[in-house]
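Visitor:
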Amino acid sequence: MTNQLNQVLLHENNQVGSNLEAWLANGGGEGLQNALAAPEAIIKTIEDSNLRGMGGAGFPTYRKWQFVLAEKDAEVKYLICNGNEDEPGTFKDRLLLEKTPNQIIEGALITALATGVNHLILYINPHEEKAVEAARQAVAQWEAHPLFASVADSLGRPLTLRVFLSSGLYIGGEETAAISSVEGGFPFPKKKPPYPAQHGVHGQPTLINNVETLAHVTHIVKHGAEWYRNLGVGQASGTKIYSLSGDVLHPGVYELPMGTSLRDLVFEYGGGMLAGKEFKAVFTGGPSNTILTSEDLDVALDWDSVQERRSRLGTGAMIVISEGTGIVKRVTEYVDFFADSSCGQCPPCKIGTRQISKVLRKIDTGRGRRAELDHLVNLGKLLPGSGRCALVDGAVTVLNSSLDKFKSEYEAHLIDR
Amino acid sequence: MTNGVPYETAWQNYQTGSSDPVQFDDSSKESLLKQFHPDYQTNTTTTLQIGANQGDVCQRQLAQVLQSNSLIDEVDLAGASIVDTDVLIIGGGGAGCAAALVATENDARVILTTKLRLGDCNTVMAEGGLQASVGVDDTPQQHFEDTLRAGYFKADRKLVSQMVMDGPDVVRWLIQLGMQFDQESEDPFASLSLKRAGGTSAPRILSFRDYTGLEMMRVLREAVTYRPGIEVWRSKPVVELLSNEFGHCAGAAVYDMRHRKLMLVRAHAVILATGGIGRMHLNAFPTSNHFGATGDGLVLAYRLGAKLRELDSFQYHPTGVSYPRHLAGSLVSEAARSAGATLLNGLGERFVDELQPRDVVAASIIRECEEGRGIDWDGQVGVWLDTPRLEQQRPGILQRFGSLRHLAHKCGHDPAEKPFLVYPTLHYQNGGVVIQRNGSTSVPGLFCAGEVTGGIHGRNRLMGNALLEIMSFGWRAGVAAAGLRHNAPHRRLTIEHVHKWQRELTLAGLPLDNHGPQLYPDYANFNLRAHIAGEI
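Shown next, in the form of structure tokens:
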């Protein structure tokens, strides 16, 4: 079973750090050569591979690319390689940037050839110092390499590649916030439309892809779409990096075939539950999704299967909770995270997340009443969709999901139960 | 242990015996310790498999609790109320009180929690006195050298130098709090009376009768009780420390015995002043320690990642009562030997210079008993502590030793007529949590003071340095802890470190059903789960 671990992105041959020579010696650069040979074929390959956005949304990558490609008149187009990663339980992008920055940059260059973007920005969380350092070193080597000039020649326009330090705030990972940040402003999310593909950085067409997505692009263009599809389990294609944490024996980052079951991830790769406790629940994809419970252990961890359980795969983060762990406390912590992360421009989000947090805390510390539990239920109905971005929706999703599946735990802490 | 000389025979030998001076051969000291001192017996030690001291030698019984699983799990935190304070002090002895007083003087709000009552501690058991270089012919430098030498030069020099320099100030502070010390005459303005302790180069022991610690605790308890800003909690043991998202110490989970529920204390700083481990009865030794000395602080700090030191070094006080059995371990003060009382074996012979450091005297007693020259009294073995001849030489001296007379009364004899039967008793933990001069540990937010710390005494403690240490480092920890009061409050109160710990336990193949800290001695039969459930 372990032979399915780390087959592509985290393959040991690829973990050469910022060393471009070593990357090229181990088979790197072939994807880019293929792309240079036939730039117009790339999008079709990506479409055939079923690659979807690994930053959490799971939107088909080729469609995003088509929107940007369609902006033929623009002189200047941007690509933001999103490595802002800050949510609890997700720690894959920092690892990719630190251990394998070259495959991300190569993926970005292939993307440039496919879509015509010519300003490539590695948008990295400054708190991840090792990732920033590795990316900077890799960028310097690429800029001096003939392949880089070949891409520029093929584009016929000036090509730039640089590292941009994000604000380090969670909200800065949101697409429109990332654009504001790159423009030099505070990462306030904006209302869509206009969409970034038409009106992004400085009003120019802008493509935003997660760094894991770009890393996959490199290997798809090298080996072909069919090879990539066959990596997945069943209908799913490719591999996915899962960030496993919580009450398991071996927490960590696991690259596995897309569609690996939750049970295998937790019990085979994760070494099973910590201290022999019973499995209780998983917060999937970071905190902003619906909770999976023991009934869902056999779910295949791919976009569609998880969605059928009314949850989302998200970033691939799996925070495992055992029996013996209070759900209310955990939800309180996640809502606190959202409340802290709110940019504050939309009052329902700014005040609503705090309000939820306050009531949750009261219940968690044994001071809540039934009326306050009703308050939570009603806030859960009122708040979704009230912000410019989806932050408040994320907070409410966790809350509603926990109320749906673990209401008795809430009730057990009430004074007037 | 062989049984030794029968009581009747030994008593005859005692009455006819000589008390010739003993020429103690210094060169044999090392082999004596190696052969007879419990610290040097490798069959009772093991190496730690997990934690900050992985690979270090440790007493086996101690290793078992250090590598134990937590008493609580996350489910226990659900619904628990949260109490906020600046400084949480765990332990109601001398170090905890000193820290509390100084922390409030530095404008911090303090909660002092103890699993028993304020003053149920080993400080009150300290009989001999307190060392401070206040004598005319004495200097802190001499005190420094004596302390290092006694500890086999294993002590942390920074800590020792600070402590000896604090000595005179500690005495002044205690006098201002109202503590009494023996003086050279009845005149209220007479100089403080100084006595010489074993292993020291100058008379440096300040004492009050033979219950110096009790007198010290009397004034500390009064001060703590009446000082605004200190909230004292009793019967509330700490069952686990709490960590924030960075693994720093963020407070503690406290069990309220009366209401049978857990509560969480969020604090900018936590000071562990939990004392020693005597009631773990390492290697079945009796102990002079109080009921609560079960090493909780070591276990809590180690699980949170703090580094410990000298986990295989303990002090055995030479003169614990051996007979009657139910009083075994109770201490006859070193003051008796300081005043001139000798030790005699079953043949009526002296066998050691009684003013040698404690480890040498204790090892000598064990040697006499193991080699059959001890006295066997109804199965209890020991040697004589010759109080009758002391009284003959210095009539009236025993009148000054209230604790000694009280103990003799409990043993059912008159110390002027009959000697005590004594045997070494587990007395003090030389090592402990590694600290800096301000009491801080390797875990941010966690401070330690008193016997729970290590590095001050090396591998053997000088008499009188314990009472000095608890004051000196209690102060320092109190100041440093209060200094954190303006930090932003901890956002998360978790037991993440426990999960990490459980992972390490599992990977090392250690049992998860071995829970600690112990909180109360084995024979108290306390079980937290059963207590929460109302079954005991």
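Sequence order for the protein chains is A and B.
The numbers in the numbering used here rise by one with no breaks, and the one at position 42 of the first sequence is 42.
The numbers in the numbering used here rise by one with no breaks, and the one at position 376 of the second sequence is 1376.
For each residue, glycine too, the CB sits at the ideal point set by N, CA and C.
Can you give me, in chain order, the residues of the region 1081–1107 of chain B that have a beta carbon less than 9 Å from any beta carbon in chain A?
Guide: Flagged, chain order: S1081 and I1082.
Visitor: Near K329(A), which residues of its chain fall below 6 Å by C-beta distance, leaving aside the five closest residues on each side in sequence?
Guide: Along the first sequence, one-based indexing puts residue 329(A) at 329. Cβ neighbours of K329(A) beyond the five flanking positions: D364.
Visitor: Ends of the alpha helix (DSSP H) at N102(A)?
Guide: Looking up residue 102(A) in the first sequence gives position 102. Here the alpha helix (DSSP H) through N102(A) covers P101 to T115.
Visitor: Which residues in chain B sit within 7 Å of A371(A), going by Cβ to Cβ distance?
Guide: One-based indexing of the first sequence puts residue 371(A) at position 371. Within 7 Å Cβ-Cβ: nothing; A371(A) doesn't reach chain B, min ~18 Å.
Visitor: Alpha carbon to alpha carbon, what distance is there between L399(A) and R361(A)?
Guide: Stepping through the first sequence from its first residue, residue 361(A) is reached at position 361. Stepping through the first sequence from its first residue, residue 399(A) is reached at position 399. Rounded to whole angstroms, R361(A) to L399(A) spans 13 Å at the Cα level.
Visitor: Quick check on L1077(B) - is its C-beta less than 8 Å from some C-beta in chain A?
Guide: Numbered from its first residue, the second sequence carries residue 1077(B) at position 77. Interface residue, yes.
Visitor: Spatial neighbours of F1036(B) within its chain, please: CB distance less than 8 Å, with the 5 preceding and 5 following residues excluded, ordered by chain position.
Guide: Translated into the one-based positions of the second sequence, residue 1036(B) becomes position 36. Counting only Cβ-Cβ distances below 8 Å, and skipping sequence neighbours, we find A1363, S1364, I1366, R1367 and E1370.
Visitor: Of all the residues that make up the region 267–284 of chain A, which are near chain B by a beta-carbon distance shorter than 9 Å?
Guide: Flagged, chain order: G271, L274, A275, G276 and K277.
Visitor: Measure the beta-carbon distance from G1094(B) to C1058(B) and round it to whole angstroms, keeping in mind my assumption that it falls under 8 Å.
Guide: Reading the second sequence from its first residue, position 94 is the one you call residue 1094(B). Reading the second sequence from its first residue, position 58 is the one you call residue 1058(B). With 8 Å as the limit, G1094(B) and C1058(B) do not qualify as a contact, their Cβ atoms being about 26 Å apart.
Visitor: Nearest by alpha-carbon distance to G368(A): which of E411(A), E268(A) and G326(A) is it?
Guide: By one-based count along the first sequence, residue 368(A) stands at place 368. Measuring from the Cα of G368(A), the nearest candidate turns out to be E411(A).
Visitor: Based on DSSP bridge pairs, tell me the residues matched to P1006(B).
Guide: Translated into the one-based positions of the second sequence, residue 1006(B) becomes position 6. In the DSSP output, where bridge partners are listed per residue, P1006(B) has D1376(B).
Visitor: Short check: CB of A138(A) to CB of I105(A), under 8 Å?
Guide: Here residue 138(A) is taken as the residue at index 138 of the first sequence, counted from 1. Here residue 105(A) is taken as the residue at index 105 of the first sequence, counted from 1. Contact flag set, yes.
Visitor: DSSP state of M54(A), grouped into three classes?
Guide: Taking the first residue of the first sequence as position 1, residue 54(A) is located at position 54. M54(A): coil per DSSP, three-state reduction.
Visitor: At which residues does the alpha helix (DSSP H) containing T1506(B) begin and terminate?
Guide: If you number the second sequence from 1, residue 1506(B) lands on position 506. Here the alpha helix (DSSP H) through T1506(B) covers E1496 to L1507.
Visitor: When the cut-off is 8 Å and only beta carbons count, does E128(A) lie next to chain B?
Guide: The residue given as residue 128(A) occupies position 128 in the first sequence. It does not; no Cβ of chain B falls within 8 Å.
Visitor: Counting pairs of beta carbons, one from the region 51–66 of chain A and one from the region 306–317 of chain A, are three or more of them closer than 8 Å?
Guide: Short answer: they touch.
Visitor: Is it true that the CB of T111(A) sits closer than 8 Å to the CB of L79(A)?
Guide: Along the first sequence, read from residue 1 onward, the residue named residue 79(A) stands at position 79. Along the first sequence, read from residue 1 onward, the residue named residue 111(A) stands at position 111. Cβ atoms of L79(A) and T111(A): closer than 8 Å.
Visitor: Assuming R1489(B) and H1248(B) are in contact, meaning their beta carbons sit under 8 Å apart, how far apart are those beta carbons, in whole angstroms?
Guide: Residue mapping note: residue 1489(B) aligns to position 489 of the second sequence, counting from 1. Residue mapping note: residue 1248(B) aligns to position 248 of the second sequence, counting from 1. First, the residue type needs correcting, since residue 1489(B) is Pro and not Arg in the sequence shown. Contact doesn't hold; Cβ gap of about 12 Å is too wide.
Visitor: Looking only at DSSP bridge pairs, what is G1382(B) linked to?
Guide: Translated into positions along the second sequence, residue 1382(B) becomes position 382. For G1382(B), which the question treats as bridged, DSSP gives the partners I1375(B).
Visitor: Mind listing the chain B neighbours of L249(A)? Cutoff is C-beta to C-beta under 8 Å, in chain order.
Guide: If you number the first sequence from 1, residue 249(A) lands on position 249. Ordered by position in chain B, the residues that pass the 8 Å Cβ test against L249(A) are R1503, T1506 and L1507.
Visitor: Our contact map puts L1300(B) next to P1517(B) with C-beta atoms below 8 Å; I'd like the distance itself, whole angstroms only.
Guide: Residue numbering aside, residue 1300(B) sits at position 300 when the second sequence is read from its first letter. Residue numbering aside, residue 1517(B) sits at position 517 when the second sequence is read from its first letter. Their Cβ separation, rounded to whole angstroms, is 6 Å, which keeps L1300(B) and P1517(B) in contact under 8 Å.
Visitor: D1073(B): which of F338(A), D247(A) and K99(A) sits nearest, CA to CA?
Guide: Within the second sequence, the letter at position 73 stands for residue 1073(B). It is D247(A).
Visitor: Can you tell me the Cα-Cα spacing of R1060(B) and L1311(B), whole angstroms?
Guide: Position 60 of the second sequence, counting from 1, holds the residue named residue 1060(B). Position 311 of the second sequence, counting from 1, holds the residue named residue 1311(B). Roughly 10 Å separates the two Cα atoms.
Visitor: If the cut is a Cβ gap below 7 Å, which residues of chain A does R1540(B) touch?
Guide: Absent from the structure is residue 1540(B), since the part of chain B shown begins at 1001 and ends at 1536.
Visitor: Using a C-beta to C-beta distance shorter than 8 Å, which residues of chain A count as neighbours of L1512(B)?
Guide: By one-based count along the second sequence, residue 1512(B) stands at place 512. Near L1512(B) (Cβ distances below 8 Å), the residues of chain A are A275 and G276.
Visitor: Taking Cβ positions only, does V1256(B) come closer than 8 Å to chain A?
Guide: On the second sequence, position 256 is the one that residue 1256(B) refers to. Per the sequence shown, residue 1256(B) should be read as Asp rather than Val. Judged by the 8 Å Cβ criterion, D1256(B) is not in contact with chain A.
Visitor: In whole angstroms, what separates the C-alpha of V1050(B) from that of G252(A)?
Guide: The count along the second sequence starts at 1 and reaches residue 1050(B) at position 50. The count along the first sequence starts at 1 and reaches residue 252(A) at position 252. Residue identity differs from the one stated: residue 1050(B) is Ile in this sequence, not Val. Between I1050(B) and G252(A), the C-alpha separation is close to 20 Å.
Visitor: Can you look up E1231(B) in the DSSP assignment and give me helix, strand or coil?
Guide: For this step, residue 1231(B) is matched to residue 231 along the second sequence. E1231(B): strand per DSSP, three-state reduction.
Visitor: How long is the line joining the alpha carbons of L1214(B) and S1330(B), rounded to whole angstroms?
Guide: Looking up residue 1214(B) in the second sequence gives position 214. Looking up residue 1330(B) in the second sequence gives position 330. Spanning the two alpha carbons is a distance of roughly 15 Å.
Visitor: Going by C-alpha to C-alpha distance, which of G1450(B), A1449(B) and Q1380(B) sits closest to L1421(B)?
Guide: Position 421 of the second sequence, counted from the first residue, corresponds to residue 1421(B). It is Q1380(B).
Visitor: State the start and end residues of the unbroken beta strand (DSSP E) segment that holds K240(A).
Guide: Translated into the one-based positions of the first sequence, residue 240(A) becomes position 240. First-last of the beta strand (DSSP E) with K240(A): T239 to G246.
Visitor: Contact check, I1111(B) vs E1231(B) under 8 Å by CB: the rounded distance?
Guide: Position 111 of the second sequence, counting from 1, holds the residue named residue 1111(B). Position 231 of the second sequence, counting from 1, holds the residue named residue 1231(B). Confirmed, Cβ separation roughly 5 Å.
Visitor: Taking the continuous beta strand (DSSP E) assigned at M318(A), which residues delimit it?
Guide: Counting from 1 along the first sequence, the entry for residue 318(A) is found at position 318. M318(A) -> beta strand (DSSP E) spans A317 to S322.
Visitor: Per the DSSP calculation, M1216(B) is bridged to which residue(s)?
Guide: Against the second sequence, residue 1216(B) aligns to sequence position 216. BP columns for M1216(B) are empty, so no partner.
Visitor: Excluding sequence positions up to five away, which residues of its chain have a Cβ less than 7 Å from the Cβ of F1144(B)?
Guide: On the second sequence, position 144 is the one that residue 1144(B) refers to. V1160, S1161 and V1164, listed in sequence order.
Visitor: Got a sec: is the Cβ-Cβ distance from D1169(B) to anything in chain A below 8 Å?
Guide: Residue numbering aside, residue 1169(B) sits at position 169 when the second sequence is read from its first letter. False, the Cβ-Cβ gap to chain A never drops below 8 Å.
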